[in-house]
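First to last, the sequence lines map onto chains A and B. When we follow this note's numbering, the leftmost residue of the first sequence carries the number 1, and every step to the right adds one. When we follow this note's numbering, the leftmost residue of the second sequence carries the number 238, and every step to the right adds one. Note that CB positions come from ideal geometry on N, CA and C, so glycine has one too.
2 protein chains.
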Amino acid sequence: MNSQADALQAPGDSTENGAQQIRDALREAIVERRLSPGTKLSESDVGSLFNVSRTLARAALQALSYEGLVSVEKNRGAFVAYPSLDEARQIFAARRLVEPGILRSAAERITPAQLKHLRQLLIEEGRLMSERGQSARRAEIKASGDFHLMLASISGNLIMQRFMEELVARSSLVIALYGQSSASSCGHAEHGDIITALERKDIDTACHLMLHHIAHIEADLDLRERKSFGLKEAFER
Amino acid sequence: MNSQADALQAPGDSTENGAQQIRDALREAIVERRLSPGTKLSESDVGSLFNVSRTLARAALQALSYEGLVSVEKNRGAFVAYPSLDEARQIFAARRLVEPGILRSAAERITPAQLKHLRQLLIEEGRLMSERGQSARRAEIKASGDFHLMLASISGNLIMQRFMEELVARSSLVIALYGQSSASSCGHAEHGDIITALERKDIDTACHLMLHHIAHIEADLDLRERKSFGLKEAFER
DNA sequence: TAAAGTCAGATCGTATACAATTCTCTGCAT
DNA sequence: ATGCAGAGAATTGTATACGATCTGACTTTA
Chain A
1 MNSQADALQA PGDSTENGAQ QIRDALREAI VERRLSPGTK LSESDVGSLF
51 NVSRTLARAA LQALSYEGLV SVEKNRGAFV AYPSLDEARQ IFAARRLVEP
101 GILRSAAERI TPAQLKHLRQ LLIEEGRLMS ERGQSARRAE IKASGDFHLM
151 LASISGNLIM QRFMEELVAR SSLVIALYGQ SSASSCGHAE HGDIITALER
201 KDIDTACHLM LHHIAHIEAD LDLRERKSFG LKEAFER
Chain B
238 MNSQADALQA PGDSTENGAQ QIRDALREAI VERRLSPGTK LSESDVGSLF
288 NVSRTLARAA LQALSYEGLV SVEKNRGAFV AYPSLDEARQ IFAARRLVEP
338 GILRSAAERI TPAQLKHLRQ LLIEEGRLMS ERGQSARRAE IKASGDFHLM
388 LASISGNLIM QRFMEELVAR SSLVIALYGQ SSASSCGHAE HGDIITALER
438 KDIDTACHLM LHHIAHIEAD LDLRERKSFG LKEAFER
């Protein structure tokens, strides 16, 4: 199932196991939007939730803050990150900058088996789309990101892979905040088109489609400056 | 002087101050090669060196491990990272993938003042090259990286900027390990060429030069597989 | 003599304890 | 009623304590 969940663990990243598990659990909760941006994550609460001391909870929160999923404010605590409009734009700018290159690398190295695996991922994604219910929705969000992550994995560059993990995770936060269309199924078809181009070894088209795809996701966001209603306007009516 | 040292601090990164200072001090030492790859960094030693408890030392080491500058092995301790050949290649592959895009972004937004600033940086770099002594060597290493970092800063994308910081820092480790030419002055002239192209708004040439520049740095490395003499061969002769 | 077993020292993993800071609520003065 | 001040609670920052694991040397035994 989540075949890449393990593969994404950097091999040299053999820090202690306790904090890591908590970090992963929290990250999953954030990415799947069970935790909303801005939610306070107090060290004691996290600790008691996972039955560990504040020490480990704190370490996990610190780790997530390096990934940009949690923002810790000195002497105030940790919160699920609440990306600003600027951050949101920068996250997608980074993806536009990086993903074509990753795709190009991946296209050069991809094996038939990996192509098949990609197709399977796509099918799974489609299946989830047609299913209803909270848990299917969450799985769909994850699957949608996994497509991009799998490409990064195929590219064979662990560093870019880790970077993409960060970008995809943060994108999920941005979509949670600024997404408009209820259909989080952003561009399932486009994923398929990219795979098809990949099968044809048509790298340039694939890259072009990828850029288009990212733009498409971004277009579904409401990234306009909200001039934050001056309190009066917010309540009148 | 180090005008970008401050600018590079992510604004939201307001974690506690204690561990951060230690982390920065250690990073500087690693990047300037006062600490060699493989050096053991025990929590107690780091702590007593900075007159803090193991708690903070540990936090700093964890942070550096997220940046790839330190590798912590479970129950064994932390060491200055010792990038493998694969890692080294991936670091430079990532730079080739990312830097042209950053440069393009930077070229679109660069102001005359920033161009001037870049020129100044270049001059400073040249001055350090002609100076002798350990401390000048260290400053030169830093200055050489700062050129790339400054471009990332100009690009206006904090996320890419942070990523470049990581890549430049890790590059320094790779060069320390696999660099051949005693002249660490890798491509000072090329920096100048890129600036010149930038002044002419000749973005394509600038990108091309950048790629060439990175390739040039990489070419000065000895990234050949060393089949690590099987102990017997190492001594028979 | 060489291999295996054992023990002490060092180092890390985690929990707990105490200090410092921030937040909130109450009470008083204006 | 508003605004300020201060006490108390809650939360984070840092240090210390204790158990777990690894390492290396010494001893034992075949």
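Chain-ordered chain A contacts of Ala296 of chain B [CB-CB under 9 Å]: As a working note, residue 296 of chain B is residue 59 in the second sequence. Going along chain A in sequence order, the residues near Ala296 of chain B (Cβ under 9 Å) are Arg58, Ala59, Gln62.
Using the Cβ count rule (16 or more neighbours within 10 Å means buried), how would you classify Glu455 of chain B? Taking the first residue of the second sequence as 1, we reach residue 455 of chain B at position 218. Counting Cβ neighbours within 10 Å, Glu455 of chain B comes out buried, since at least 16 surround it.
At 7 Å on the CB atoms, spell out the chain A contacts of Ala331 of chain B, in chain order. To locate residue 331 of chain B, count along the second sequence from 1; it is residue 94. Here the neighbours are Asn157, Ile159, Met160.
Give the range of the beta strand (DSSP E) segment to which Ala78 of chain A is assigned. As a first step, residue 78 of chain A must be located in the first sequence, where it is residue number 78. Boundaries of the beta strand (DSSP E) around Ala78 of chain A: 77-80.
Run down chain B in chain order and give the residues with a C-beta less than 7 Å from the C-beta of Gly101 of chain A. Numbered from its first residue, the first sequence carries residue 101 of chain A at position 101. Those within 7 Å of Gly101 of chain A in chain B are Leu334.
Would Glu87 of chain A pass as a contact of Glu166 of chain A if the rule is Cβ separation under 8 Å? As a first step, residue 87 of chain A must be located in the first sequence, where it is residue number 87. As a first step, residue 166 of chain A must be located in the first sequence, where it is residue number 166. No. Outside cutoff.
Between Gln327 of chain B and chain A, is the shortest Cβ-Cβ distance under 8 Å, so that the two count as touching? Locating residue 327 of chain B in the second sequence gives position 90, counting from the first residue. Proximity of Gln327 of chain B to chain A, defined by a Cβ-Cβ separation below 8 Å, is satisfied.
Tell me, please, which residues DSSP counts as bridged to Val70 of chain A. Along the first sequence, read from residue 1 onward, the residue named residue 70 of chain A stands at position 70. Partner(s): A:Val80.
Can you name the residues of chain B whose CB is closer than 8 Å to the CB of Phe147 of chain A? Indexing the first sequence from 1 puts residue 147 of chain A at position 147. Within chain B, no residue comes near Phe147 of chain A; the closest Cβ sits about 19 Å away, beyond 8 Å.
Mark Asn157 of chain A as exposed unless 16 or more other C-beta atoms lie within 10 angstroms of its C-beta, in which case mark it buried. Position 157 of the first sequence, counted from the first residue, corresponds to residue 157 of chain A. Residue environment for Asn157 of chain A: buried (at least 16 other C-beta atoms within 10 angstroms of its C-beta).
May I ask you to report which of helix, strand or coil DSSP gives Ser281 of chain B? As a working note, residue 281 of chain B is residue 44 in the second sequence. DSSP places Ser281 of chain B in the helix class (H, G or I) of the three-state scheme.
Terminal residues of the continuous alpha helix (DSSP H) containing Asn254 of chain B? The residue labelled residue 254 of chain B in the question sits at position 17 within the second sequence. Residues 254-268.
In chain order, what residues of the same chain have a beta carbon less than 7 Å from the beta carbon of Arg89 of chain A, not counting five sequence neighbours either side? Position 89 of the first sequence, counted from the start, is the residue given in the question as residue 89 of chain A. Cβ within range, chain order: Leu223.
Between which two residues does the alpha helix (DSSP H) holding Lys116 of chain A run? What you label residue 116 of chain A is simply residue 116 of the first sequence in a count that begins at 1. 112-130 is the span of the alpha helix (DSSP H), which, as asked, contains Lys116 of chain A.
How many Å lie between Lys277 of chain B and Val307 of chain B at the Cα? Here residue 277 of chain B refers to the residue found at position 40 of the second sequence. Here residue 307 of chain B refers to the residue found at position 70 of the second sequence. One C-alpha to the other measures close to 10 Å.
What residues in its chain sit with their C-beta under 6 Å from that of Gln120 of chain A, if we drop five residues either side in the sequence? Mapped onto the first sequence, residue 120 of chain A falls at position 120. Listed in chain order, the non-local C-beta contacts of Gln120 of chain A below 6 Å within the same chain number zero, local neighbours out to five positions each way being set aside.
On the three-state DSSP scale, how would you describe Gly12 of chain A? Stepping through the first sequence from its first residue, residue 12 of chain A is reached at position 12. Residue confidence is low: Gly12 of chain A scores 35 on pLDDT, short of 50, so the model does not pin down where it sits. No coordinate-derived value is stated.
Identity of the residue in B:Gly416, B:His450, B:Glu361, B:Leu352 nearest Arg437 of chain B by Cα: Taking the second sequence and counting its residues from 1, one reaches residue 437 of chain B at position 200. Nearest C-alpha to Arg437 of chain B: B:Leu352.
How many Å lie between Thr252 of chain B and Ala136 of chain A at the Cα? Looking up residue 252 of chain B in the second sequence gives position 15. Looking up residue 136 of chain A in the first sequence gives position 136. Reliability fails at Thr252 of chain B, whose pLDDT of 38 lies under 50, so the model's placement of it is uncertain and no value is given.
Let me know if Ala100 of chain A comes out buried or exposed under the rule of 16 or more other beta-carbons within 10 Å of its beta-carbon. Taking the first residue of the first sequence as position 1, residue 100 of chain A is located at position 100. Before going on, a small fix: residue 100 of chain A reads as Pro here, not Ala. The residue is buried, with at least 16 neighbouring Cβ atoms inside 10 Å.
In chain order, each alpha helix (DSSP H) run of at least 4 residues that lies wholly inside the stretch 373-417 of chain B: For the alpha helix (DSSP H) assignment, the uninterrupted runs of no fewer than 4 residues enclosed by the stretch 373-417 of chain B are, from N- to C-terminal side, 395-415.
To be precise: take each residue of the stretch 162-176 of chain A, compare its Cβ to all Cβ atoms of chain B, and keep it if any distance is under 7 Å. Which residues remain? Those residues of the stretch 162-176 of chain A that come within reach of chain B (Cβ to Cβ, closer than 7 Å) are Phe163.
Just verifying my parser: in three-state terms, what is the DSSP assignment at Leu221 of chain A? Residue mapping note: residue 221 of chain A aligns to position 221 of the first sequence, counting from 1. Strand.
Taking Cβ positions, are Ile91 of chain A and Arg170 of chain A nearer each other than 8 Å? To locate residue 91 of chain A, count along the first sequence from 1; it is residue 91. To locate residue 170 of chain A, count along the first sequence from 1; it is residue 170. Between Ile91 of chain A and Arg170 of chain A, the CB-CB gap stays under 8 Å.
Residue of A:Thr196, A:Glu73, A:Val174 minimising C-alpha distance to Asp220 of chain A: As a working mapping, residue 220 of chain A is identified with position 220 in the first sequence. Nearest option by C-alpha distance: A:Val174.
Check whether the Cβ atoms of Ala106 of chain A and Ala60 of chain A sit closer than 8 Å, and answer yes or no. As a working mapping, residue 106 of chain A is identified with position 106 in the first sequence. As a working mapping, residue 60 of chain A is identified with position 60 in the first sequence. Contact flag unset, no.
Can you tell me which of B:Ala376, B:Ile440, B:Arg346, B:His385 puts its alpha carbon nearest to the alpha carbon of Ile451 of chain B? Here residue 451 of chain B refers to the residue found at position 214 when the second sequence is read from its first residue. Nearest C-alpha to Ile451 of chain B: B:His385.
Restricting to Cα atoms, I'd like to know which of A:Glu28, A:Ile194, A:His216 is closest to Ala206 of chain A. Locating residue 206 of chain A in the first sequence gives position 206, counting from the first residue. Considering only alpha carbons, the answer is A:Ile194.
Is Val52 of chain A helix, strand or coil when you go by DSSP? Here residue 52 of chain A corresponds to residue number 52 of the first sequence, with the count starting at 1. Three-state DSSP puts Val52 of chain A in coil, outside helix and strand.
Any C-beta of chain A under 8 Å from that of Tyr415 of chain B: Taking the second sequence and counting its residues from 1, one reaches residue 415 of chain B at position 178. Taking Cβ atoms only, chain A never reaches closer than 8 Å to Tyr415 of chain B, which makes this a no.
Rounded Cβ spacing between Glu427 of chain B and Leu414 of chain B (contact assumed at less than 8 Å): As a working mapping, residue 427 of chain B is identified with position 190 in the second sequence. As a working mapping, residue 414 of chain B is identified with position 177 in the second sequence. Contact flag wrong, Cβ pair sits at about 22 Å.
Using a Cβ cut-off of 8 Å (strictly closer), state whether Tyr82 of chain A contacts chain B. Mapped onto the first sequence, residue 82 of chain A falls at position 82. Taking Cβ atoms only, chain B never reaches closer than 8 Å to Tyr82 of chain A, which makes this a no.
Three CB pairs or more closer than 8 Å across the stretch 21-41 of chain A and the stretch 72-79 of chain A: Taking a contact to require three or more Cβ pairs closer than 8 Å, the stretch 21-41 of chain A and the stretch 72-79 of chain A qualify as touching.
Ala143 of chain A and Glu131 of chain A: beta carbons closer than 8 Å? Counting from one through the first sequence, the residue named residue 143 of chain A turns up at place 143. Counting from one through the first sequence, the residue named residue 131 of chain A turns up at place 131. No. Outside cutoff.
For Asn2 of chain A, I'd like the list of residues in its chain whose CB is within less than 7 Å of its CB, leaving aside the five on either flank, ordered along the chain. Here residue 2 of chain A corresponds to residue number 2 of the first sequence, with the count starting at 1. Summary for Asn2 of chain A: the model assigns pLDDT 36, below 50, so the residue's position carries little reliability; its value from the coordinates is reported in the next sentence. Here the set comprises nothing.
Which listed residue (B:Arg341, B:Ser418, B:Ala389, B:Ile396) has its alpha carbon closest to that of Asp439 of chain B: Translated into the one-based positions of the second sequence, residue 439 of chain B becomes position 202. Out of B:Arg341, B:Ser418, B:Ala389, B:Ile396, B:Arg341 has the C-alpha closest to the C-alpha of Asp439 of chain B.
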